[in-house]
Amino acid sequence: MNMIKDHIVKLLEKDMREDGRKLTEYRKEITIEYGVSPKSAEGSARVRIGKTEVVAGVKLDAGTPFPDTPDQGVMMVNAELLPLSNPNFESGPPSIDSIELSRVVDRGIRECHMIDTHKLCIKEGEKVWMIFIDIYPINDDGNLFDAASLAALAALKDARMPKFNEETGKVDYSERTKEPLPLSYEPIEVTVLKIKDKLIVDPSVDEWNSLDARLTVATLKDGKICALQKGGGAALTSEDVDNMVELAIEKGKELRKLL
Amino acid sequence: MSNLLIKDRDIVVPGEVLAEGMDYLPSGGAFREGEKIIASQLGLVYLANRVIKLIPLTGKYTPKRGDTIIGRIVEMTFSNWFVDIGCSNDGVLSLREVPEYVEKGADLSTYYGFNEYIVAKIYKVTRGSIDLSMKGPGLRKLGTGKLVKVVSSKVPRIIGKEGSMIKMIKDATDCRITVGQNGIVWIQGEPEDEFLAAETIKLVERKAHTEGLTDEISKFLETKTKGRKKKPTTDDKGEE
């Protein structure tokens, strides 16, 4: 990416970007669609940021809890980088990037206790609700992290509980109640990139490939931080981190309005 | 008796009969079956006297001998560079085909490194490989610049008759522009100029099938550059 990075840096020095956006500007076309797969998933959502498109689905099942948390439900996030979304993605076992993507989304949701797992207990020590969140990028035009977390959040909000059959101990998917998931906080993740000494948000694929360092910040409505993920080879000064977090809080508020 | 069933610049679909009789000849994208000439792909009809040719609307680049292309170094061995030129096979650039003298056992990446872009010429196409050469005028390693990707079949329109279109864009935007036959365009200039040049090239690509394109583009560039060049003069007056 030598030449492409040089070009990106050259533009950034003049506070410009490849597509004419400002450094701290999201793409204008951000849409969130709820319930895109109502038959197969309990909750689903499609998020588009520019040409980037991510679909997230929420499946619910009843299962046995972990021994150390017998009265709490289980939440799992899985992401797969589909080869159809970007020519650089390969099929096969999950890559490091797809594991990181799912972990970043997972951490944002888990660490702010968005889902009240105590309410997901059906019978202590025996049966609890398990929430599976699956993330599929349909098209990668940069910024999968923010799009995926937004899609996961929207899918959770869209989800409705299926009926639990007490006698058989199984879930009856043919009937769905109107009861939503026990949700409280809504974490919004914003990834801030550092290229040379400039900070940018909502990167394109080329910008993402030329990053020096990045920080994904999950924030709540009141501006509290609930999760962080740092990536990239370069080091960040404490001043950088302050600026990045501040930027993420500000952009998080903008994204929150779209929900 | 031969009769032509389509007009110049019609859009045709595969299987469509273009002409009947032996007076016409099929070229790229069309074939003869008995008395008929039939289209084999979706494209625009191009009539040159008796020859019927189809220009595909979209699709991958097919390498041809003599084409100047822009490619990216993706792999290297002891004696070859492999270049991604946007088609099914990678181009092969041999040690002997570069203008520099490369010593035996030298690290090839010091000449052309990974992910660097080069302008090269295709000098041989065989079934399995595409051989590239860097020996020739204008063939070089590219410096920092903006890359624009277009459909390779539209490249002739971007270049224009004897380079008229590309020359017009170069003059209006003050950019250095290199167009590869494989649909990669490299632009170097001031950021604002690069944006305008890229926008213009995309416009040409989108309207490649329309007539009177050169006039339209020249008008488009005029209105765009007029606004820009006026700005500094009015600013100057303001200061006075």
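Which chain is which? The protein sequence lines are S and A, in order. At position 73 of the first sequence the residue is numbered 73 (our numbering), and the sequence of numbers has no breaks. Basically our numbering = 1-based index in the second sequence + 1000. The beta-carbon is built from N, C-alpha and C at its ideal position, and this holds for glycine as well.
Checklist entry - For A:Lys1231, which three-state DSSP category applies? => result With a pLDDT of 43 at A:Lys1231, under the threshold of 50, the modelled position of this residue cannot be trusted, and the question is left open.
Item to check | Closer than 7 Å to chain C by CB, S:Asp19 | outcome: Here the protein chains are S and A, and chain C is not one of them.
Item to check | Those residues which DSSP pairs with A:Val1051 across a bridge | outcome: Beta-bridge pairing links A:Val1051 to A:Leu1025 and A:Ala1048.
Checklist entry - So, is A:Ile1070 buried or exposed, given that buried needs 16 or more other C-beta atoms within 10 angstroms? => result Burial call: buried.
Next on the checklist: So for A:Phe1114, helix, strand or coil by DSSP?
Outcome noted: coil
Checklist entry - Quick one, which residues of the region 1135–1161 of chain A are near chain S if we go by CB-CB under 8 Å, in chain order? => result Those would be Leu1142, Gly1143, Thr1144, Gly1145, Lys1146 and Leu1147, in chain order.
Item to check | Beta-carbon proximity of A:Val1185 to A:Ile1159, cut-off 7 Å | outcome: no
Checklist entry - Starting from A:Ser1094 and walking both ways along the beta strand (DSSP E), at which residues does that stretch end? => result Gly1091 to Ser1094
Next on the checklist: Suppose you measure from the CA of A:Asp1235 to the CA of A:Arg1176; what does that come to, to the nearest Å?
Outcome noted: With a pLDDT of only 39 at A:Asp1235, under the threshold of 50, the placement of this residue in the model should not be trusted; the figure read from the coordinates follows. Annotation: A:Asp1235 to A:Arg1176 spans about 28 Å, alpha carbon to alpha carbon.
Next on the checklist: With a threshold of 7 Å on Cβ separation, who are the neighbours of A:Ser1218 within its own chain once the five nearest residues in sequence on each side are excluded?
Outcome noted: Met1168
Checklist entry - Can you give, in chain order, each stretch of the alpha helix (DSSP H) that sits fully within the region 75–120 of chain S and has at least 4 residues? => result Entirely contained in the region 75–120 of chain S, the alpha helix (DSSP H) runs reaching 4 residues are, in chain order, 96–111.
Item to check | Member of A:Glu1216, A:Thr1068 and A:Phe1082 whose CA lies at the smallest distance from the CA of A:Leu1139 | outcome: A:Thr1068
Item to check | C-beta neighbour in chain A for S:Lys196, strict 7 Å | outcome: no
Item to check | Span separating the alpha-carbon of A:Pro1063 from that of S:Ser40 | outcome: 45 Å
Checklist entry - Where does A:Asp1174 fall in DSSP's three states? => result coil
Checklist entry - Is there at least one Cβ from chain A nearer than 7 Å to S:Asn2's Cβ? => result Chain A contact via Cβ: present.
Next on the checklist: Just list the residues that DSSP pairs S:Thr191 with in beta bridges.
Outcome noted: S:Thr216
Checklist entry - At what residues does the alpha helix (DSSP H) containing S:Gly252 begin and finish? => result Ser238 to Arg256
Next on the checklist: Do S:Gly43 and S:Val55 count as a contact pair if the criterion is CB distance below 7 Å?
Outcome noted: no
Item to check | Reduced DSSP category for A:Val1155 - H, G, I as helix; E, B as strand; rest coil | outcome: helix
Next on the checklist: In this structure, how does DSSP classify A:Ile1085 when only helix, strand and coil are distinguished?
Outcome noted: coil
Checklist entry - Quick one: does S:Asp6 have its CB under 7 Å from some CB of chain A? => result Interface residue, yes.
Next on the checklist: Under 8 Å: do the region 45–54 of chain S and the region 150–164 of chain S share three or more Cβ pairs, one atom per stretch?
Outcome noted: yes
Item to check | S:Ala172 versus S:Arg21, S:Ala62 and S:Glu33, residue with shortest Cα-Cα distance | outcome: With the sequence shown as reference, residue 172 of chain S is identified as Asp, and Ala is not the correct amino acid for it. That would be S:Ala62, whose Cα lies nearest to the Cα of S:Asp172.
Checklist entry - For A:Glu1016 versus A:Ala1039, is the C-beta spacing smaller than 7 Å? => result In this structure, A:Glu1016 places its C-beta atom within 7 Å of the C-beta atom of A:Ala1039.
Next on the checklist: Taking 7 Å as the threshold (C-beta atoms), are A:Ala1172 and A:Ile1187 in contact?
Outcome noted: no
Checklist entry - Per DSSP, what kind of secondary structure is A:Ser1133 in: helix, strand or coil? => result strand
Checklist entry - Roughly how many angstroms separate the alpha carbons of A:Leu1047 and A:Leu1054, rounded to a whole number? => result 9 Å
Next on the checklist: I want to verify the contact list: residues of chain A whose CB lies under 7 Å from the CB of S:Leu11, in sequence order.
Outcome noted: Pro1191
Checklist entry - Where A:Lys1231 and A:Lys1224 are concerned, what is the direct C-alpha to C-alpha distance, given to the nearest angstrom? => result Residue placement at A:Lys1231 cannot be trusted, given a pLDDT of 43 that sits under 50; what the coordinates show is reported in the next sentence. Distance between the alpha carbons of A:Lys1231 and A:Lys1224 is about 12 Å.
Checklist entry - Is the distance from the Cβ of S:Asp188 to the Cβ of S:Arg256 below 7 Å? => result Residue identity differs from the one stated: residue 188 of chain S is Ile in this sequence, not Asp. The answer is yes: Cβ separation under 7 Å.
Checklist entry - A:Val1204: buried (16+ other C-beta within 10 angstroms of its C-beta) or exposed? => result With 16 or more other Cβ atoms within 10 Å, it is buried.
Checklist entry - Identify the residues that DSSP records as bridge partners of A:Trp1186: which are they? => result A:Leu1147 and A:Thr1178
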